[in-house]
Amino acid sequence: MILVGIAYNTLVVAAGVAAVGFAAGVVGALCVLRKRALVGDAAAHATLVGVACSFLITGRRDLATLLAGALVAAFVGLGTLVLMRRFTRTRDDAATAIVIGVSFGLGIALVSGLPAWGYAESAGLEQFLLGHTAGLTASDAALLAGVAVLTVAAVAAGLKEATLVAFDAAFAAASGWPVAVIDYLLVALVAVMVVAGLPAVGAVLVTALV
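Residue numbers (my numbering): 411 to 620.
Written out as structure tokens, the structure is:
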């Protein structure tokens, strides 16, 4: 009875965003237990570059195309973070700060500068900074819900291994489990959920979900 009188599109969008929030919480819990909480920040702040570059390369503004670019940028940012940690003497927190600062600054410059550079069609991309839930269509919400369902299914399939690594990585490694691979898969799921949350809450606030 509570739902009577609520617009159909409102219900669809609410369901899609709720699914993203639930899936982000599932992945985020494992990420925090594994002491990888700042991974989501690094991925989120890199996404704006991907959104802008995706538009520049394809000329399209549909949600799937822009989110695909954001996902690639998130992976590039996280890959840079891993390389800095492994091959330099930069501390983890400093490496994370560098990735966040450089990628976010570049993303802001691109998104805000495109209209001034003659790309009038790019107007509105800045909505990915803080999100624009009310502007989601039913198909957009369905896309986000689908990503959320697949992410939760992936976590459920590897929950035993992920839990073992999260609580006792040393024992998992001694038992022969590929700890590094599980870590990378967890980070990849974090990146996916960060990107899925962009349309709803934006790059700045999505880290609160993951």
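All C-beta atoms, glycine included, are put in the ideal place defined by N, C-alpha and C.
For clarity, every value in this text was computed on a predicted model and none was experimentally measured.
- With 16 or more other CB atoms across the displayed protein chains lying within 10 angstroms of its CB, S532 is buried.
- In this structure V422 is in contact with A551, their Cβ atoms being roughly 5 Å apart against a cut-off of 8 Å.
- Taking the Cα of S464 as reference, the smallest distance to any Cα among A452, A434 and L477 is reached at L477.
- Sequence-distant Cβ neighbours of L473 in its own chain, meaning closer than 7 Å and more than five residues away, are D550, L553 and P609.
- Excluding residues up to 5 positions away in sequence, T500 and A505 lie with their Cβ nearer than 6 Å to the Cβ of M494 in the same chain.
- Distance from the CA of L599 to the CA of V437, rounded to the nearest whole angstrom, comes to 7 Å.
- In the DSSP assignment, D578 falls outside any alpha helix (DSSP H) and carries neither an H nor an E.
- In the structure shown, Y418 adopts helical secondary structure according to DSSP, grouped into three states.
- Remark: fewer than three beta-carbon pairs, one from each stretch, lie closer than 8 Å, so the segment 511-527 and the segment 582-595 are not flagged as touching.
- DSSP places S513 inside the alpha helix (DSSP H), whose first and last residues are D502 to G523.
- Secondary structure at Y529: coil, using DSSP grouped into helix, strand and coil.
- Only exposed fits T420, as fewer than 16 other CB atoms lie within 10 angstroms of its CB.
- Measuring C-alpha to C-alpha distances from V616 to each of H542, G556, L569 and A564 identifies H542 as the nearest.
- For L477, the uninterrupted alpha helix (DSSP H) segment begins and ends at L473 to F497.
- Using a Cβ distance threshold of 7 Å, G460 and G479 count as a contacting pair.
- Leaving aside the five residues that flank W587 on each side, the residues in its chain whose CB is nearer than 8 Å to its CB run, in chain order, E571, L574 and V575.
- The residue among L488, G545 and L535 with its C-alpha nearest the C-alpha of D451 is L488.
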